[in-house]
Amino acid sequence: MPRAYTLNLNLSYVDMPDNTPQPEQLLREYQVKFPDESATIQATRHFLKTIKENSTTHDQIMASAWIFNPHTGKVLLRKSKNGLYTVVQEAINHQQHDIQQATLNVVAKKSQLKHLQLYANELFHLHIALSTSASPAEQKFYYYDFCFLLYTHESTEQKVDNQSTEWVSPSQIKNDDAYRSVYAVAKKWQLFCYEKAPIA
-2 MPRAYTLNLN
8 LSYVDMPDNT
18 PQPEQLLREY
28 QVKFPDESAT
38 IQATRHFLKT
48 IKENSTTHDQ
58 IMASAWIFNP
68 HTGKVLLRKS
78 KNGLYTVVQE
88 AINHQQHDIQ
98 QATLNVVAKK
108 SQLKHLQLYA
118 NELFHLHIAL
128 STSASPAEQK
138 FYYYDFCFLL
148 YTHESTEQKV
158 DNQSTEWVSP
168 SQIKNDDAYR
178 SVYAVAKKWQ
188 LFCYEKAPIA
């Protein structure tokens, strides 16, 4: 039996038609909440249809999470060696049917957090971006980022290879080079916190 999480739209996951693929369910719900992002939603739909018909593509589905600690009010971001911040993310298989579970799996592995919880059974942010290649010889690709809202009561930080995770106060996130890739998510988080307390 599928898990049922209550959505802000007064709709639960199990209320959706059983024959509707999970990614499409997520996009439908997201479009109701964020109709001004319809271009991104339609482009993502087109990509999902394309990979269903032809799996040979360099473009990727990215599973990511905006992770917050309700006690400290901070969010967990990944920091590269050149000082750029991103959400915790990882590419997943194109044929992945349960994007939410895949997100929990890859984010737990990347962050080394043992007690992550999904805040709601809905997309928090949808984003399409062009990859930044390490060299001109590498082929560029688009990634379609499905970002979910997760929370934890842990405060662990990790440093693996050239990447580290860092708990950051949302107030320090600015529209500059270091935070450019997370700025839009941070603005959405700011609005979310204004409208509704994340955790009682």
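Quick note on numbering: our numbering labels position 148 of the sequence shown as 145, and the sequence is numbered without any gaps. The beta carbon of each residue, even a glycine, is placed where N, CA and C say it ideally should be. Since we're looking at a predicted model, the values are computed, not measured.
My parser needs the beta strand (DSSP E) runs of 3 or more residues fully inside the region 70 to 147; what are they? Those beta strand (DSSP E) runs which fall completely within the region 70 to 147 and span 3+ residues are 72 to 77, 85 to 89 and 114 to 127.
Within 7 Å, strictly: CB atoms of Leu115 and Ala105: Taking the first residue of the sequence shown as 1, we reach residue 115 at position 118. Taking the first residue of the sequence shown as 1, we reach residue 105 at position 108. No.
Rounded to the nearest angstrom, how far is the Cβ of Gln187 from that of Ile96, given a contact under 8 Å? The residue you call residue 187 lines up with position 190 of the sequence shown. The residue you call residue 96 lines up with position 99 of the sequence shown. No, Gln187 and Ile96 are not in contact; Cβ-Cβ is about 25 Å, not under 8 Å.
Could you tell me how far apart the beta carbons of Leu284 and Val165 are, in whole angstroms, since I believe they sit closer than 8 Å? Residue 284 is absent from the structure shown; the chain starts at -2 and stops at 197.
Contact belief for Lys78 with Glu163 at Cβ below 8 Å, rounded distance in angstroms: Taking the first residue of the sequence shown as 1, we reach residue 78 at position 81. Taking the first residue of the sequence shown as 1, we reach residue 163 at position 166. The pair is not a contact, with the Cβ atoms about 13 Å apart (cut-off 8 Å).
Between which two residues does the beta strand (DSSP E) carrying Ser161 extend? Reading the sequence shown from its first residue, position 164 is the one you call residue 161. For Ser161, the uninterrupted beta strand (DSSP E) segment begins and ends at Gln160 to Val165.
To the nearest angstrom, how far is it from the Cα of Val11 to the Cα of Val29? Locating residue 11 in the sequence shown gives position 14, where the first residue counts as 1. Locating residue 29 in the sequence shown gives position 32, where the first residue counts as 1. Low local confidence applies: a pLDDT of 39 at Val11 is under 50, so the model's placement there is unreliable, with the coordinate-based value given in what follows. Across the structure, Val11 and Val29 are spaced so that their CA atoms are roughly 18 Å apart.
Check Ala36 in the structure and name its three-state DSSP category. By 1-based counting over the sequence shown, the position of residue 36 is 39. Correct three-state label for Ala36: helix.
Looking at Cys144: is its Cβ nearer than 7 Å to the Cβ of Ser61? Position 147 of the sequence shown, counted from the start, is the residue given in the question as residue 144. Position 64 of the sequence shown, counted from the start, is the residue given in the question as residue 61. Contact: yes.
What is the DSSP secondary structure of Gln152, reduced to helix, strand or coil? The sequence position of residue 152 within the sequence shown is 155, counting from 1. Reading off the sequence, residue 152 comes out as Ser, not Gln. It is coil, neither helix nor strand.
Output needed for Leu127: all residues of its chain with C-beta closer than 7 Å, excluding positions within five of it in sequence on either side, in chain order. Along the sequence shown, read from residue 1 onward, the residue named residue 127 stands at position 130. Taking C-beta separations shorter than 7 Å and ignoring five residues to either side along the sequence, the partners of Leu127 in its chain run Lys137 and Tyr139, following chain order.
Per the contact definition of three or more C-beta pairs closer than 8 Å, is the region 52 to 71 in contact with the region 87 to 94? Contact check between the region 87 to 94 and the region 52 to 71: three or more CB pairs, one atom from each, fall below 8 Å, which counts as touching.
Considering only the beta carbon of each residue, do Lys110 and Thr149 sit closer than 7 Å? Position 113 of the sequence shown, counted from the first residue, corresponds to residue 110. Position 152 of the sequence shown, counted from the first residue, corresponds to residue 149. Correcting the residue identity first, residue 110 is Leu in this sequence and not Lys. Contact: yes.
So, using beta-carbon positions, are Leu147 and Ile64 closer together than 7 Å? Counting from one through the sequence shown, the residue named residue 147 turns up at place 150. Counting from one through the sequence shown, the residue named residue 64 turns up at place 67. Yes, the Cβ-Cβ distance between Leu147 and Ile64 is below 7 Å.
Starting from the Cα of Leu123, find the closest Cα among Thr47, Thr37 and Ser108 and give me that residue. Start at 1 with the first residue of the sequence shown, and residue 123 comes out as number 126. Of Thr47, Thr37 and Ser108, the smallest CA-CA separation from Leu123 is found for Thr37.
Per DSSP, Ser61 forms a beta bridge with which residues? Along the sequence shown, read from residue 1 onward, the residue named residue 61 stands at position 64. Paired residues: Gln86 and Cys144.
Given this structure, state the Cα-to-Cα distance separating Glu21 from Asp174, to the nearest angstrom. Translated into the one-based positions of the sequence shown, residue 21 becomes position 24. Translated into the one-based positions of the sequence shown, residue 174 becomes position 177. For the pair Glu21 and Asp174, the Cα-to-Cα distance works out to about 33 Å.
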